[in-house]
Structure formats: C-alpha cells, structure tokens
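Protein sequences, first through last, are from chains A and B.
What the first sequence shows, in my numbering, is residues 58 to 157, in sequence order.
What the second sequence shows, in my numbering, is residues 46 to 532, in sequence order.
Cβ atoms here follow ideal geometry from the backbone N, Cα and C, with glycine treated the same way.
Below: the structure, in structure tokens.
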Amino acid sequence: MATIDKATIKRLAKLCRIACSEEQEDALLHDMQKIIGYVEQLSEINTDAIVPCNYVASTLSQTPFRADVPGQTLSRDEFLKNAPAHIGGMIRVPPVLRQE
Amino acid sequence: MTDIHTLTALQVHNAFKQGKLSASEIVAASLARITQHDPKIKAFLRVFTERAGKNARMLDEKRASGAPLGKLAGIPIALKDNINLKGEITTCGSKILEHFQAPFNATASRLLEQEDAIIIGKTNCDEFAMGSSTEHSAFQKTSNPWNLSCTPGGSSGGSAAAVAARLCPLTLGSDTGGSIRQPASLCGIVGFKPTYGRVSRYGLVAFGSSLDQIGPLAATVEDIAMVMEVLGRHCEHDSTSLPKGPDDLLSKLNAPIKGMKIGVPWEFLENLQPELLRSFQASLDMYKDLGATLVPVDLSCLKYAIAVYYIIATAEASTNLSRFDGIRYGLRSKRATTLDEIYDYSRQEGFGDEVKRRIMLGTFVLSAGYQEAYYRKAQKVRAHIIQKYNEAFSHCAVIATPTSPFPAFQIGSITDPLEMYLADIYTIGNNLAGIPGISIPSGFTQDMKPIGLQLSAPELSEGLLLQAAHALQQVTSYHTAIPKEFL
Chain A
58 MATIDKATIK
68 RLAKLCRIAC
78 SEEQEDALLH
88 DMQKIIGYVE
98 QLSEINTDAI
108 VPCNYVASTL
118 SQTPFRADVP
128 GQTLSRDEFL
138 KNAPAHIGGM
148 IRVPPVLRQE
Chain B
46 MTDIHTLTAL
56 QVHNAFKQGK
66 LSASEIVAAS
76 LARITQHDPK
86 IKAFLRVFTE
96 RAGKNARMLD
106 EKRASGAPLG
116 KLAGIPIALK
126 DNINLKGEIT
136 TCGSKILEHF
146 QAPFNATASR
156 LLEQEDAIII
166 GKTNCDEFAM
176 GSSTEHSAFQ
186 KTSNPWNLSC
196 TPGGSSGGSA
206 AAVAARLCPL
216 TLGSDTGGSI
226 RQPASLCGIV
236 GFKPTYGRVS
246 RYGLVAFGSS
256 LDQIGPLAAT
266 VEDIAMVMEV
276 LGRHCEHDST
286 SLPKGPDDLL
296 SKLNAPIKGM
306 KIGVPWEFLE
316 NLQPELLRSF
326 QASLDMYKDL
336 GATLVPVDLS
346 CLKYAIAVYY
356 IIATAEASTN
366 LSRFDGIRYG
376 LRSKRATTLD
386 EIYDYSRQEG
396 FGDEVKRRIM
406 LGTFVLSAGY
416 QEAYYRKAQK
426 VRAHIIQKYN
436 EAFSHCAVIA
446 TPTSPFPAFQ
456 IGSITDPLEM
466 YLADIYTIGN
476 NLAGIPGISI
486 PSGFTQDMKP
496 IGLQLSAPEL
506 SEGLLLQAAH
516 ALQQVTSYHT
526 AIPKEFL
C-alpha cells in the first residue's frame, strides 16, 4: 500500500518534467490518492503463479519483420517546419552551459 | 438528390460508381451538412473544403476517363484528430500540438485515399484520446446529436457525433479502452475496434501502445465491413501490424448465425440499470429468434479491468508523451529561458489536467519501489484476464454485453476522474486482451437516448463478429433513426 503525499507529487512532477503550481499539486494529490486507492483492489488476486503479460495475446507472434533496408523518411526541411525554433538547419535551444 | 445524407457509405459508393451521383455532389452535400449542422454539435475541428472539393473533381475526372475506381470511391470520411493526414494539422485535441502540421500520412489515411475515399475533415476528441466524454479537448466541447446538452461520449466523440448527425457516413476513431465503441453507443451508431494489430498504428499519435487500435464508425455494419477490407492490410511501418486481413468481409456478412453460441457474462452485469438491462435482454431474445444459443460464461475477473487499465495505459502514456518536450515540435513555452524550463513550462502550458493526471499516475506506477506492486501486478492480472477470455471463448463464438453502463450523460455532470473511468467498464477488457469488439445500436431509453450492444470475439475473428452484428441489424431499425434536429 503506497502512501502518496505532497512530497510524492513534487517528486513525480519533477520526474515528469511538468511544472505545477501549489493548487495544481493539491488537486493532483487528491486525485492520485483516490485513483491509487482504487487500483489497490488488485492485491485481492493471487497472481504468484501467473506469468506477466508483456505482449498482447498471441497475435504478435504472427507479425512479420520487414526487410532491413535503409530508406528516406523525413527530409531536414520537412522536419524543421514543426520546430519551435531553428537556426542553420538545426533545432535552436537556450544555452545548456553558462559561464558562472 | 437532396437526401444524400440519409445514404450509407456503401450506398453512396454504389451511387457514385453507377453514375447516379458525382463525387463533387456528394462532397458538396456533406460540406453543406457540416456548415448547417456542425455549429450545434461542434464535431469538427477542421473542415477541408478546398482539399475535398479538389479531390472530388479529380475523382469525377477519373470516373469519366474509365480508370478503375477504388473500393471506397466517392465516400466522404472524417478522421479523428489524432490520425495524421500529410500537410494538415493534427492536434490530438491538445494545445501542445495546436500548430503541428503532419509531415507524413498515417497508413490508415493513405489507404483511404488510395481507395478513392475523400477525407473531408478532422474531428474533435479528448486530449490525446484520454477521456470518455470529449470534454477534455483543449478546443471545444462536442454535443450529442440526440441530446445537445449531453456529451457524445469519448474519446472519439467528434467522430461518433458526425456520423450520428449524418454529416458524413463514415469516420475513423481510435480505441484504447473503449474510445470508439462507447461514443458509438451513446450516439446510436456502429463503432468497431478491430483485433490489436489489425489496423496499422503508423501515424496514429501514440497513447497506450499495447492497447491502441484505429477503427471505423458508421451507421451500418455493412459500412464497417467495407472499410475494414481496406484498413486491415499489413503495414511494414508498424511492428505490431498483422498479416493482411480478409478481403471478403462484406460478401460473407449475410452468413446465417443459426446455431451460433453467444456467451453472456451474467455476474459481470449485476449492477446494470434496469432500463439498459431490459434492452440487453431484448437483444438477446432477438438473437435466440435468429437461431443463436445463449450460454453463460464467467468473466467476473473483468471487475478488475479498470484498475489494470489505469496502471498499464497510464504507464504507456507517460512514456509515449515524454516526446512532447518543447524542443523538436509542438508548443514551446515563451516563459522558458533555460533548457529545463522549456521542458517544465511547455508541458505545464501544453497539457490539460487529465493528461497531466495520467502522466503522473503512469510515472508513479513505473517509479522505483512501486513498479513491482503496480505495473508488474497489473501485467499479471492482464494475463489472467486474457486466460479467462480464452476459457470463455471455448464455450461460445461471441460474447454479448452492453457497451456502456449508462446512456449519454450531461456535459459537465461527471467531474470525478475515477467516476469517468468507470464509463469504460464493459469495453476495456477487449483492449487488455487485444480482441475485437463492436457496438451496435440496440434501442433507446425512455428519454430517447441511444443504447448500444457490444459483441466481442476472439482475436482475428472479425468476420464472425461482423456477421453476428449484421444479423441483428437485419431485424432492427435503430440504426436508421436520425435525431430530429438533423433530419
């Protein structure tokens, strides 16, 4: 049984890279506690002897591999059309290293 | 012809092939319906007036030239806005993709156009297909054509409402936990989720990759069969894409269902509302009259389906949605001055509450110390559920349940996320097991809200499932009803 508190939410927000206001954290705390409380019901089932399902049903064993040949996907220009900022054919981001 | 909108997709296609209607007339009629009626329901996010008109003219020229016509020639189709159409915006109902222009076609879109369907627009949905009411779209709330103060269900609510209001005869949606079948049920139309892997997911923006499946919505099972012959093709861009599906779904639709065994999981239906239970029983009686046999099956394990789903789907979503980082495409926060702030603020501003909730939840169930207790546990219960389905299908050909535990509900009436999740109680099992499911109109409540019947079949049994669904449509007329404001 997991305890979810404000510190959990702050830690998760950091892991998810989503900035949250105090109010948003409170709302998330309330909802998460409730949802996690609900999914706890799974502990009722004894699953010791069950092999976990990593792939859906048996259909995946029937999917063929494609030939391993190189091909063109997106051109640089097409890709950059959706980039929020770019310069000289490259994505532009703020400086990662700064002088102290 | 002034009543093109009352035709099914198959009828439209035949009228076009026989020269009774031109593609330009068909498309113009559909666009006129959208102009007239969509302001009432807000099913469409974008309408491709020019593109569709141009494609229709080209198709008319093709017909005039005597060139062979595609299997969907002349049919106007709309796509849920999480399916890419090259050159057009794909928002997924999210601010984070508000201006994202699809650089390539989804395989489903490509196949439709290859077979001469005419894509007329993109339909509204819950943000990243997360929701059961279409209220979580960042752009607009869609109304149910049968009751404008109600939601159409979701997440493919725009696609369902567009067909129900007869704005176009056919749409595509995506179904991760019921997102095609539940809105189809609430809007009184047919919605089909194929076997996992049947329709390529290439170009469908990923939500829960082990659950997602594209599928069609239409008024009749015939229309579903027709479009599935086209969509069910192998695609080398999706490693989970199955080998080519059957080509003869439509021609085999009329196979008699006499002697077919229909499984009914009675314990699982214990708390069903009396009005919905009566309708469900009436459908079963009709199947008995058609010569089917009812057999009880045990799927009581499905009471755990929602808990399993909200662990697995959110875990997969948290991983899939990590690609929205404000760097390469999508919204980048104007407040951000450092790289870290780009991630943190872009995701804060770009995602809505439900999406954030699910990313958080998914991150939690995958995080150190909790993975075994939640994610691993859910995978085990998922395996258990699949096993129980296999046992059930050893006694019957298809399984019948209601599609939704309640009919269309008022916009704004469900504010508790957990209560909303329960809307998918009957549909989620199919996604967990990867099996096909279909919702067909099976009645109305006293206050004229549609009711849907869900049929499920073992994986790869689409043909059988469509036969069973079609048989009921041959002895009922619920699917021909059009809401009175949209006649």
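Per DSSP, B:R91 is one residue of the beta strand (DSSP E) stretching across F89 to V92. Rounded to whole angstroms, the gap between the alpha carbons of B:P113 and B:C232 is 36 Å. Of all alpha-carbon atoms in B:T446, B:P197, B:S391 and B:L384, the one lying nearest the alpha-carbon of B:R377 is that of B:S391. Taking each of B:A207, B:K401 and B:D292 in turn and checking the Cα distance to A:R74, the smallest one comes out for B:K401. Bounds of any alpha helix (DSSP H) do not take in B:Q499; it lies within the beta strand (DSSP E) bounded by P495 to S501. The criterion of a C-beta distance shorter than 8 Å is not satisfied by B:G222 and B:T460.
G371, I372, R373, Y374 and R377: these are the residues of the region 368–379 of chain B whose beta carbon lies less than 7 Å from some beta carbon of chain A, given in chain order.
Exposure of A:P151 is indicated by the presence of fewer than 16 other C-beta atoms within 10 angstroms of its C-beta. Counting the other CB atoms within 10 Å of its CB gives A:V126 a total below 16, which places it among the exposed residues. Taking C-beta separations shorter than 8 Å and ignoring five residues to either side along the sequence, the partners of B:C195 in its chain run S188, N189, L231, A453, F454, Q455, I456 and K494, following chain order. At least one C-beta of chain B is nearer than 8 Å to the C-beta of A:M89. Here the C-alpha atom of B:G482 lies approximately 11 Å from the C-alpha atom of B:Y241.
Taken through DSSP and simplified to helix, strand or coil, B:T152 comes out as helix. By the C-beta density criterion, B:M305 is buried, having at least 16 other C-beta atoms within 10 angstroms. At a cut-off of 8 Å between beta-carbon atoms, B:F252 makes no contact with chain A. For B:T448, there is no enclosing alpha helix (DSSP H), as DSSP marks it with neither H nor E. Cα atoms of B:Y415 and A:A59: separation of roughly 8 Å, rounded to the nearest angstrom. In this chain, B:P319 is not harboured by any beta strand (DSSP E); it is covered by the alpha helix (DSSP H) spanning P319 to D334.
When the beta-carbon positions are compared, B:R155 and A:A140 stay at least 8 Å from each other.
Counting the other CB atoms within 10 Å of its CB gives A:V108 a total below 16, which places it among the exposed residues. In the three-state reduction of the DSSP assignment, B:C232 falls in the helix class. Using a Cβ-Cβ cut-off of 8 Å, A:T60 does not count as an interface residue toward chain B, since no Cβ of chain B sits closer than that to its own. Comparing alpha carbon positions, the residue from B:R368, B:E160 and B:S75 closest to B:K62 is B:E160. Chain A places a beta carbon closer than 8 Å to that of B:T383, counting this residue as a contact. With a 10 Å radius around the Cβ and a threshold of 16 neighbouring Cβ atoms, B:K422 comes out buried. Residue pairing by DSSP places B:G488 opposite B:I496 in a beta bridge. As for any beta strand (DSSP E) of minimum length 3 sitting wholly inside the region 113–140 of chain B, the runs are 121–125, ordered along the chain. Within chain B, the residues Y388, D389 and R392 have their CB atoms less than 7 Å from the CB of A:R74, given in chain order. One thing to note: B:P121 has its Cβ within 8 Å of the Cβ of B:C213. Annotated three-state conformation of B:F409 is helix, per DSSP. Contact between B:I269 and B:L511 holds, with the beta-carbon distance rounding to 7 Å and staying under 8 Å. The region 271–280 of chain B makes contact with the region 235–249 of chain B: 3 or more CB pairs, one atom from each, lie closer than 8 Å. Using a Cβ-Cβ distance cut-off of 8 Å, the region 503–519 of chain B and the region 291–299 of chain B are in contact, since at least three pairs of beta carbons, one from each stretch, lie closer than that value.
Pairing B:A123 with B:G176, the inter-Cα distance amounts to about 20 Å. Between B:A205 and B:L142, the beta carbon gap of about 22 Å keeps them out of contact (Cβ cut-off 8 Å). Here the C-alpha atom of B:S67 lies approximately 14 Å from the C-alpha atom of B:H50.
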